[in-house]
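Before any comments, here is the structure.
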Amino acid sequence: MWDFISSESIASLDKRVSSPAFKRLKNNVDTAHGVLMGLAVVLFLPLGALVMRLPGSKNMLWVHAACQIFGLIVLILGFAMGVWTSIIHTEIYTDRHSILGTVIVGLFLIQPALGMIHHRNYASKGRRTIWSDLHVYFGRILLILSIVNGGIGIQYAANSPNGEIGYGVTAGVIFLVYVGVAGLWYMRRPGKEEEQSGDDEVTQVEAQQDKSE
Ligand code: HEM
Ligand code: HEM
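Residue numbers for the sequence shown follow the working numbering, so the first one is 60 and each next one is one higher.
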């Protein structure tokens, strides 16, 4: 059945895979995977989430959604490179970085749907629902897990002490800024949850308009 895979074709593949040009390509893809994933989980996605906690965030819903979709696209590109590089390493899904990373990327794909469901519910009911907390807490957990997984990836690659420091410092700074901004937002928001849209995404007036549509 597998006759078409002759020993000559395997030998020729081995030769191509071990050629200097191929090794260079693999190194570049490794680096591109690390850089794209790092940018997505340490910069784009957390900053896109923070947008919802800035003053005036009621006008920022679509900025948030657009930033997060952009971050997701970068994440998917990085994921494809990670899978390719894993296959070339012939170690796909045998290490915790790849397994955890695959689960995380899969779960990130659910976030836009949770965000939309939250938004639709908020617009029609004029208050937050279980979907709001699901989207917010699930998103935060995924962000933390993905940053940790990036750290595991850097250890796994074991080729960039400077990358380790850069990644760690950026992640630490973004984490502190995030906690600070979100903390301030929680302290400053007026009254109880029923009176305040946890997200400020639409005003009560807009909610009423939506209801009457
Ligand atoms: C949240 C998801 C992920 C993040 C944030 C992430 C991030 C990273 C980072 C920052 C590196 C270090 C790159 C370097 O220093 O050269 C790395 C290495 C690596 N990642 Fe990922 N990754 C993720 C998911 C995946 C997935 C799903 C796979 C494969 C299925 C994968 C495969 C690899 C491999 C094989 C390396 C080692 C590359 C080398 O030897 O240089 N990663 N990852
Ligand atoms: C990959 C995609 C997405 C991710 C990772 C994500 C992540 C997050 C996170 C982490 C928060 C909470 C910020 C905080 O820590 O307080 C948040 C809030 C929010 N997101 Fe998203 N989001 C995504 C897509 C969307 C989309 C497509 C929409 C709607 C169209 C949306 C609507 C919202 C709203 C309205 C809030 C504020 C909720 C509240 O305050 O209760 N998100 N998002």
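All residues carry an ideal CB built from backbone N, CA and C; glycine is no exception.
This one's a predicted model, so the numbers in the text were calculated from it and none came from an experiment.
For residue i, three-class secondary structure by DSSP
| i | result |
| --- | --- |
| Ala217 | coil |
| Pro114 | coil |
| Asp89 | helix |
| Glu252 | The pLDDT assigned to Glu252 is 48, lower than 50, so where the model puts this residue is not dependable, and the model offers no usable value. |
| Asp192 | helix |
| Ser175 | Here the sequence assigns Met to residue 175, which means Ser is not the residue at that position. Three-state result, Met175: helix. |
| Met119 | coil |
| Ser183 | helix |
| Leu168 | coil |
Contacting residues, own chain, Cβ-Cβ under 8 Å from residue i (five flanking each side not counted)
| i | result |
| --- | --- |
| Leu106 | Cys126, Ile233 |
| Pro171 | Ala124, Gln127, Ile128, Leu131 |
| Val236 | Leu109 |
| Leu168 | Leu131 |
| Tyr31 | This structure cannot settle anything about residue 31, because the visible part of the chain is limited to 60 through 272. |
Beta-carbon proximity list for residue i, same chain, < 7 Å, skipping 5 on both sides
| i | result |
| --- | --- |
| His156 | Asn208, Ile211, Gly212, Tyr215 |
| Leu104 | Gln127, Gly130, Leu202 |
| Leu98 | Val133 |
| His217 | Going by the sequence as given, residue 217 is Ala instead of His. So the list is empty, once near-sequence residues are dropped. |
| Gly198 | Ala108, Gln170 |
Rounded distance between the beta-carbons of residue j and residue i, thought under 8 Å
| i | j | result |
| --- | --- | --- |
| Gly137 | His92 | 5 Å |
| Leu202 | Val100 | 7 Å |
| Met140 | Val195 | With a Cβ gap of about 30 Å, Met140 and Val195 do not count as contacting. |
| Ala230 | Ile206 | 5 Å |
| Lys277 | Thr144 | Residue 277 is absent from the structure shown; the chain starts at 60 and stops at 272. |
| Arg112 | Trp244 | 4 Å |
Sequence-distant residues of the same chain with beta carbon closer than 6 Å to residue i, five excluded per side
| i | result |
| --- | --- |
| Leu193 | Leu173 |
| Gly160 | Asn208 |
| Leu204 | Ile163 |
| Val122 | Val110 |
Inter-stretch contact at 8 Å, needing at least 3 Cβ pairs: the region 124-144 / the region 152-164: yes
Meets three-Cβ-pair contact criterion under 8 Å: the region 179-188 and the region 110-119: With the rule of 3 Cβ pairs closer than 8 Å, the region 179-188 does not count as touching the region 110-119.
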